[in-house]
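Encoded as structure tokens, the structure appears first; notes follow it.
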DNA sequence: TGCGCTTAGGTACACGTTTAACTAACGCGA
DNA sequence: TCGCGTTAGTTAAACGTGTACCTAAGCGCA
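Residue numbers (the numbering used here), protein chains in the order written: chain B, 11 to 341; chain P, 11 to 341.
In structure tokens form, the structure reads like this:
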């Protein structure tokens with residue numbers, strides 16, 4: 011069907027090796043006339059190299075696999091987009107998989123990555139613990155983004171966000187606006203993910219001489235729905251004038267709850283989010299939040315991975331991104 | 011590195027053909043003992059078939075390529091997610107590319123699809139006209155989703171949304187709520203995409219005996235930003251009590267503008283969107299909109315494509331989805 | 001005995017590339 | 001004349017599978 015190197019070779023009256031050399035710019039040793047003939051035939055037949063065959067022999071697929079829990083989550087959408095852009099810029103293609111935050115699904119995807127011989131793997135934040143045994147067997151370089159992982163030989167990059175600092179800054183921002191009763195919403199309470207943010211929150215409070223009140227804390231999951239439900243619950247059981255949300259979806263949920271109860275934002279209750287997803291400035295009340303530079307972190311992670319793949323012997327890259335508060339209308 | 015069929019064959023003392031047969035369940039003709047030996051060795055070496063090699067010989071990659079203008083747009087995020095789910099369910103993997111709505115980029119992606127020997131292509135809505143010449147040369151089955159395309163031999167599926175009906179219903183919904191001055195926001199004015207929706211809008215108006223007023227129409231692009239800007243402009247130049255937006259992002263933009271000008275939704279101005287992206291119920295004012303069954307349409311399109319790929323000679327599938335109004339808080 | 005069928009598996013090529021190693025022709029200096 | 005270095009290619013193997021076709025043994029049966 012599609013033209014192959016053989017077709018070109020036959021018509022040009024040369025061997026496939028010659029064609030291959032010309033097409034790969036390894037043609038220092040090829041005559042000018044032959045080169046031209048091959049090149050023009052390639053164009054004429056509109057030849058496209060079969061990457062399957064090529065990858066098979068070169069043992070490089072120029073594909074990198076990405077695993078996220080759910081691309082519908084705007085944070086991951088944005089992250090994936092930036093990874094994909096960065097990858098393409100360097101001649102790589104991405105294969106994106108949704109793990110649903112379920113270990114078995116992630117494992118299946120990793121296995122499939124192995125079968126497709128991806129050159130590298132990007133692991134985005136998730137609460138499931140990566141199957142290091144499988145990863146080890148796969149021998150494919152891995153970069154983790156805000157994701158805890160055990161010791162792993164082929165871990166070649168780590169890009170983390172300084173959650174403590176982010177939470178600290180968000181809380182401090184609220185305190186500076188005069189708030190003292192500040193609720194705190196986050197994900198799974200036992201994960202370090204949440205613990206570390208909580209410590210940032212506490213630091214800011216104690217620095218300001220405000221007592222920590224456990225009644226103001228609600229930690230369960232990073233979903234919109236929980237932000238809504240927790241806010242309603244807070245409203246019923248305690249008093250506060252601000253909510254510090256550990257991601258933007260929680261903040262969006264909180265704002266719906268506040269409106270349902272007739273509370274104005276920010277007059278009656280201030281809200282700050284975390285992530286700065288691209289939606290946050292677009293909301294009816296553009297959301298104050300903590301910018302964690304999503305696109306930048308995706309780019310950095312991808313570049314680290316590809317640097318490793320392209321340059322022979324490279325060492326582990328570790329970057330931590332410090333987020334900053336962006337104040338909009340909700341605080 | 012990774013175990014191959016050869017490794018298994020050697021250890022089992024059989025030929026690679028035998029191993030291949032066992033592993034592919036073509037083993038009616040293989041002895042039970044041999045089968046077990048092969049199977050257990052495969053497990054032991056944790057063998058994963060090399061899909062590159064396999065695809066090379068079978069001429070089936072079990073990959074389908076998807077092109078969307080921009081996955082950051084929630085409509086496309088949701089669409090891609092549902093296509094991916096549907097594809098995996100049937101043993102296919104997806105390769106997602108962003109065209110930015112630029113013809114050259116789309117062409118590059120299509121070429122790359124050819125190189126990767128994808129089995130089928132899913133083309134999502136976009137204003138650029140597909141490169142049918144290239145598509146023709148590629149000889150890869152294509153399914154279009156809400157996308158105009160010229161005659162094309164390997165077009166095997168079309169799933170469209172009845173935009174006219176959607177726009178008609180949205181307008182009618184507004185009229186039933188008592189509105190008579192209804193603004194209309196949509197994308198590129200000359201595209202049939204917008205024209206057809208406009209006709210639905212006009213039909214509803216004339217049916218209700220309301221005169222069409224061109225001053226209430228603003229068509230340019232389907233971006234949040236334009237929704238915001240157009241609403242401000244409308245507010246400055248005319249009067250109206252409702253806005254009919256031809257996608258949800260426009261509606262979100264419109265609502266920001268209304269809030270900036272101190273207008274309450276829906277008391278001072280009602281707003282209806284189109285698409286029913288997953289975000290629309292989550293907004294501070296859960297958005298009334300027209301549900302176009304995004305996930306369903308992705309699934310239908312993907313299934314149509316794979317039906318074609320799996321069953322030998324199938325004919326073109328054409329589905330049109332009729333959207334329905336979902337009334338929430340903004341009308 | 002000769003024939004055919006069944007069972008169990010092997011042989012060998014193909015898929016489309018890349019690449020190390022080889023060759024053939026030529027020119028040139030000693 | 002011989003040897004050597006260039007130049008411009010070619011040959012052949014390899015990557016990991018799938019599969020059409022072959023073989024060989026065993027058995028039943030006329």
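Even glycine gets a Cβ: it sits at the ideal position worked out from N, Cα and C.
Task: Three-pair Cβ contact test at 8 Å for the stretch 176–192 of chain B versus the stretch 148–168 of chain B - done: no
Open item on the list: Give me the chain B residues within the contact set of residue 60(P), using Cβ-Cβ distance strictly less than 7 Å, ordered along the chain.
Closed with: 125 and 127
TODO: Would you identify the three-state DSSP class for residue 249(B), choosing helix, strand or coil?
DONE: coil
Task: Positions along the stretch 93–115 of chain B whose CB lies within less than 9 Å of some CB in chain P - done: 94, 95, 98, 103, 104, 105, 106, 107 and 108
Open item on the list: If distances are taken between C-alpha atoms only, which option among 129(B), 136(B) and 123(B) comes closest to residue 144(B)?
Closed with: 123(B)
TODO: Please list, in chain order, all residues of the same chain as residue 364(B) whose beta carbon is under 6 Å from its beta carbon, the five residues on each side excluded.
DONE: The structure shown does not extend to residue 364(B), since chain B is modelled only from 11 through 341, so no value can be given for it.
Task: Where the beta strand (DSSP E) through residue 256(P) begins and ends - done: Residue 256(P) -> no beta strand (DSSP E), and no H or E assigned at all.
Task: C-alpha gap between residue 165(P) and residue 17(B), whole angstroms - done: 27 Å
TODO: Return the residue from the list 190(B), 183(B) and 228(B) that minimises the CA-CA distance to residue 199(B).
DONE: 228(B)
Task: First and last residue of the uninterrupted beta strand (DSSP E) at residue 146(B) - done: Not the beta strand (DSSP E): residue 146(B) falls in the alpha helix (DSSP H), residues 142–148.
- [ ] Starting from residue 168(P), follow its DSSP beta bridges and name the residues at the other end.
- [x] 154(P) and 328(P)
- [ ] For residue 269(P), go through chain B and note every residue whose CB falls closer than 8 Å to its CB, in chain order.
- [x] 294 and 295
TODO: Give the interface partners of residue 65(B) over in chain P, defined as CB-CB distance under 9 Å, in chain order.
DONE: 62
Task: DSSP beta-bridge partners of residue 335(B) - done: 300(B)
Open item on the list: Looking at chain P, is there any beta carbon in it that lies within less than 8 Å of the beta carbon of residue 91(B)?
Closed with: yes
Open item on the list: My assumption, with CB atoms under 8 Å, is that residue 81(P) sits in contact with residue 73(P). Please give the rounded CB distance.
Closed with: Contact flag wrong, Cβ pair sits at about 17 Å.
TODO: Rank 69(B), 93(B), 286(B) and 161(B) by C-alpha distance to the C-alpha of residue 78(B) and give the top, closest one.
DONE: 93(B)
TODO: Using beta-carbon positions only, say whether residue 279(B) and residue 184(B) come within less than 8 Å of one another.
DONE: no
- [ ] Say whether chain B places a C-beta atom closer than 8 Å to the C-beta of residue 56(P).
- [x] yes
Task: C-beta neighbour in chain P for residue 306(B), strict 8 Å - done: no
- [ ] Measure the alpha-carbon distance for residue 189(B) versus residue 170(B) and round it to whole angstroms.
- [x] 29 Å
Task: residue 128(P) - DSSP class collapsed to helix/strand/coil - done: coil
Open item on the list: According to DSSP, is residue 61(P) part of a helix, a strand, or is it coil?
Closed with: helix
TODO: Could you spell out where the beta strand (DSSP E) holding residue 75(B) opens and where it closes?
DONE: 73–78
Open item on the list: Nearest by alpha-carbon distance to residue 259(B): which of 273(B), 103(B) and 85(B) is it?
Closed with: 85(B)
Open item on the list: Can you check which of these residues, 326(P), 283(P) and 127(P), is closest to residue 334(P) by C-alpha distance?
Closed with: 283(P)
Open item on the list: Using beta carbons (cut-off 8 Å, strictly below), is residue 159(P) in contact with chain B?
Closed with: no
Open item on the list: In the DSSP assignment, the beta strand (DSSP E) including residue 44(B) goes from what residue to what residue?
Closed with: No beta strand (DSSP E) contains residue 44(B), which is instead part of the alpha helix (DSSP H) from 42–54.
Task: Cross-strand partners of residue 285(B) (DSSP beta bridge) - done: 301(B)
Task: Pick from 126(B), 217(B) and 12(B) that is closest to residue 66(B), judged by C-alpha positions - done: 126(B)
- [ ] With DSSP as the reference, label residue 93(P) as helix, strand or coil.
- [x] helix
- [ ] Name, please, each residue of chain B whose Cβ falls closer than 7 Å to the Cβ of residue 265(P).
- [x] 294
TODO: Run down chain P in chain order and give the residues with a C-beta less than 9 Å from the C-beta of residue 71(B).
DONE: 62
TODO: Please decide whether residue 288(P) counts as near chain B, where near means a Cβ-Cβ distance under 8 Å.
DONE: yes
TODO: Please name the residue in 163(P), 191(P) and 88(P) whose C-alpha comes closest to that of residue 219(P).
DONE: 191(P)
TODO: List the residues that DSSP assigns as beta-bridge partners of residue 106(B).
DONE: 76(B)
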